[in-house]
Structure formats: structure tokens, C-alpha cells
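The structure appears right after this line, and notes come after that.
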Amino acid sequence: MATKNLSEYDLTSVPAATGMKFGIVVAEWNYEITGALARGAIDTLKIHGAKDENIILKHVPGSFELTLGAQYMAEFTDVDAVIVLGCVIQGETRHFDFICNGVTQGITNLNMKYNKPFIFGLLTTGNQQQALDRAGGKLGNKGDEAAITAIKMLALKRELTK
Numbered sequence: 029m030a031t032k033n034l035s036e037y038d039l040t041s042v043p044a045a046t047g048m049k050f051g052i053v054v055a056e057w058n059y060e061i062t063g064a065l066a067r068g069a070i071d072t073l074k075i076h077g078a079k080d081e082n083i084i085l086k087h088v089p090g091s092f093e094l095t096l097g098a099q100y101m102a103e104f105t106d107v108d109a110v111i112v113l114g115c116v117i118q119g120e121t122r123h124f125d126f127i128c129n130g131v132t133q134g135i136t137n138l139n140m141k142y143n144k145p146f147i148f149g150l151l152t153t154g155n156q157q158q159a160l161d162r163a164g165g166k167l168g169n170k171g172d173e174a175a176i177t178a179i180k181m182l183a184l185k186r187e188l189t190k
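Residue numbers 29 to 190, in the numbering used here, belong to the letters of the sequence shown in order.
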């Protein structure tokens with residue numbers, strides 16, 4: 029369980045996102061949560077210099093579709109990194125496990141296949157309140173953290189490929 033605010037960080041520790049292009053794929057399911065994650069990610073990208081025209085936001089029906097949506101983003105746009113944002117809340121069946129495992133493996137595979145950052149921003153919580161706490165609530169916004177991770181991974185790639 030997160031014990032710190034995901035939105036608290038040293039602004040100077042994040043490289044400039046100037047010239048970087050980002051795709052954001054957001055699940056429509058649990059949109060109260062995922063919409064807040066998307067807003068956090070977009071705001072954070074802009075704080076660090078990303079321009080509106082360099083942020084592409086697309087929606088998919090649910091979290092399981094995030095992987096294919098992210099692949100489409102990589103294949104049909106010129107983004108440098110893809111941020112996937114979703115929320116799966118534990119229920120009474122094993123559906124939670126299948127969705128979480130599928131998305132986790134899918135995003136890992138996309139990182140390797142495309143040699144570009146695909147950032148895992150899937151909340152996997154035990155209940156609605158835990159999700160709200162991580163989507164702009166008392167623990168900050170996981171969307172902020174996903175955006176920072178995307179910027180840092182692109183900066184690393186640029187540094188290593190100079």
C-alpha cells in the first residue's frame with residue numbers, strides 16, 4: 029500500500045519534456061478514477077514543457093483493452109512514449125487477477141517490442157476508496173507519477189543514444 033503522496037516530488041529532478049511526444053491511453057471503465065488519472069498526467073506533462081500538440085489522448089472501453097490501444101498508439105502515431113491509465117478494483121471473482129496479469133504482461137511485451145517506454149499506470153486496488161486516494165485524493169495522483177516516469181525514461185533513452 030502506498031504510504032506517500034504520489035504527486036510530491038522535486039520539480040528539478042524531472043528533465044524537460046520539450047519536444048517529447050506522448051500518447052495516453054485511458055480506460056473508460058471506472059472513469060471517475062481514470063479521468064482523474066489522465067488529467068493528472070496531462071497537467072504534469074505540461075508543467076514539464078510538453079505542448080498540447082505533443083499529447084495524444086485516446087480512450088478504450090476497459091483496462092484489458094489498454095494493451096491493444098497502446099500498441100495502436102505506437103503503430104499509428106509518432107509518439108515517443110505511451111502512458112496507459114486504468115483502474116481495476118478487486119471484486120468477488122478472479123476477473124481482477126486475469127485483467128491485472130494480462131495488462132501487466134501486455135505492457136511489458138510492448139516495451140520490448142517497440143523499444144519505447146510504455147508506462148504502466150494501472151491502479152489495482154482493493155476498493156473504490158483506495159482508487160480515489162490514488163487518483164487525486166490523499167495519496168496524490170498516480171497519473172502524475174506515470175507522466176514523470178515517461179519523461180525520465182525518454183530522457184534516459186536520449187542520453188544513451190547520443
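Cβ coordinates follow ideal geometry from the N, Cα and C atoms, glycine included.
- Around the beta carbon of A64, 16 or more other beta carbons lie within 10 angstroms, which makes this residue buried.
- Around the beta carbon of A44, fewer than 16 other beta carbons lie within 10 angstroms, which makes this residue exposed.
- With 16 or more other CB atoms across the displayed protein chains lying within 10 angstroms of its CB, Q158 is buried.
- DSSP, read as helix, strand or coil, puts V42 in coil.
- Counting the other Cβ atoms within 10 Å of the Cβ of E93 gives 16 or more, which makes it buried.
- Looking only at G119, Y100, K170, the smallest Cα-Cα distance to H87 is reached by Y100.
- The alpha carbon of A66 has as its nearest neighbour, out of A183, A174, C128, M181, the alpha carbon of A174.
- In this chain, F104 is not harboured by any beta strand (DSSP E); it is covered by the alpha helix (DSSP H) spanning 94-104.
- Secondary structure of V107 (DSSP, three-state): coil.
- Residue burial is scored here from C-beta neighbours: P89 has fewer than 16 other C-beta atoms within 10 angstroms and is therefore classed as exposed.
- Contact between N169 and G68 holds: CB atoms are separated by about 3 Å, below the 8 Å threshold.
- The continuous alpha helix (DSSP H) containing T72 extends over residues 59-75.
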